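Take a look at the structure set out below.
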Amino acid sequence: MKNRIIVLGFASMALVSCRTPLNLTNIQTQKNISIAQSIPEDGATAMVIEPYKKSLESQMDTKISYTNAELTKQGDNSSLGNLLADYTLQGAKEWAAKNNVAKIDGAVINIGGIRTNIGKGDILLRHIYEVMPFENELVIVKMTGAQLQAMFGYYLQTQKNNPVSNMVIETEAGKINKALINGAAVDPVQNYFIATSDYLALGGDNMKFFSAGEMISTGVKLRDLYIEKFKQNPNVTAPADLRLIFKGKK
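In this note's numbering, the protein residues as written are 9 to 258.
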């Protein structure tokens, strides 16, 4: 009965607000049905699905690259985090070159979006889906150097190991010692183009500083980009440079 009242309420609002009269002809209520493992599997459906399931499993076991060392997400300069940040930057540069966008200066991704490590040995397609199960899109955010100061402030305050590419951020005793993009100090009046995910660009992981910039959508899924990059690099070597340096971090 409650559902009927709610539906009728919305219908009444529509009748008042629209110039064209609406005829309410039918009202239906629905019941939620819980699905649990106790419900037996339908044999006919399972037979239809099985060939597709086997095909998908076979695709997921396809080797796309190889690493001679475990790629991890742990630490301020994690091997997997820095590698994926570099792939994000590379993908953004390639997209920008094809779409008349100024050169990309750096990249920021979030460590929480990297769900697991990749072990030493063959890298399979399924590993990338496990690492990046989300449908996040690659985006580019245009910001001035002055606006980017809020990003450096974010790292100073949080000292969080969210990976970066083509940047160096060093903090100590509550101050920023170093904040470099392209190996140089940031010019307050210059425009910078930062590659990231739509999740972060919209304020995810408390990265509210991106809201000051202009977001450019690419339509490229980060997972698809990472798969492509691993395929292009049959023997992966993780970057070893230090990008986030939090001196005195507890």
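Ideal Cβ placement from N, Cα and C applies to all residues, glycine included. In this text the structure is predicted, and so the values were computed from the model without any measurement.
| How would you label Glu178, buried or exposed, when you count the other beta carbons within 10 angstroms and need 16 or more for buried? | Answer is buried; the Cβ neighbour count reaches 16.
| message | Taking the straight line between their C-alpha atoms, what separation do you get for Phe218 and Met159? | response | Approximately 8 Å, taken between the alpha carbons.
| Can you pull the DSSP bridge partners for Leu132? | Leu132 pairs with Lys71.
| Nearest-angstrom Cα separation, counted from Gln67 out to Ile184 | Distance from the CA of Ile184 to the CA of Gln67, rounded to the nearest whole angstrom, comes to 47 Å.
| DSSP three-state assignment for Phe218, whether helix, strand or coil | The answer is helix: DSSP assigns Phe218 an H, G or I state.
| Would Val194 be called buried (16 or more neighbouring beta carbons within 10 Å of its own) or exposed? | Buried is the label assigned to Val194, since at least 16 other Cβ atoms lie within 10 Å of its Cβ.
| field | Cβ neighbour criterion (16 or more within 10 Å) applied to Asn144 | value | So Asn144 ends up on the buried side.
| Within this structure, are the beta carbons of Ala203 and Ile148 separated by less than 9 Å? | In this structure, Ile148 lies closer than 9 Å to Ala203 by Cβ.
| field | Where the alpha helix (DSSP H) containing Leu156 begins and where it ends | value | Where Leu156 is concerned, the enclosing alpha helix (DSSP H) stretches over 153 to 166.
| Lys106 versus Val228, Asp249, Ile122, Gly129, residue with shortest Cα-Cα distance | For Lys106, the nearest C-alpha among the options comes from Val228.
| said: Just verifying my parser: in three-state terms, what is the DSSP assignment at Leu250? | reply: The DSSP-derived three-state label of Leu250 is coil.
| C-alpha distance - Thr152 paired with Thr70, whole-angstrom precision | C-alpha separation (whole angstroms): 43 Å.
| With Asp113 and Phe201 assumed to form a contact (beta carbons below 8 Å), what rounded beta-carbon distance in angstroms separates them? | Phe201 and Asp113 do touch by the CB rule: their CB atoms are close to 5 Å apart, below 8 Å.
| request: Give a yes or no on whether the C-beta atoms belonging to Ala246 and Ala77 are separated by under 9 Å. | output: Going by C-beta atoms, Ala246 is nearer than 9 Å to Ala77.
| message | Would Ser87 and Lys239 qualify as a contact pair, given that the criterion is a beta-carbon distance under 9 Å? | response | No.
| said: Within 10 Å of its beta-carbon, does Arg123 have 16 or more other beta-carbons around it, so buried, or fewer, so exposed? | reply: Per the 10 Å Cβ criterion, exposed.
| Where Leu250 and Asn108 are concerned, what is the direct C-alpha to C-alpha distance, given to the nearest angstrom? | When rounded, the distance between both Cα atoms is 31 Å.
| field | With 16 other Cβ atoms within 10 Å as the buried cut-off, status of Pro242 | value | When all chains shown are included, Pro242 counts as exposed.
| request: If I'm right that Leu92 touches Pro171 with Cβ under 8 Å, what's the distance once you round it to whole angstroms? | output: Contact flag correct, Cβ pair sits at about 7 Å.
| field | Ser205 beta carbon near the ligand MN (any heavy atom closer than 8 Å) | value | Absent from the structure shown: the ligand MN. Ligands present: none.
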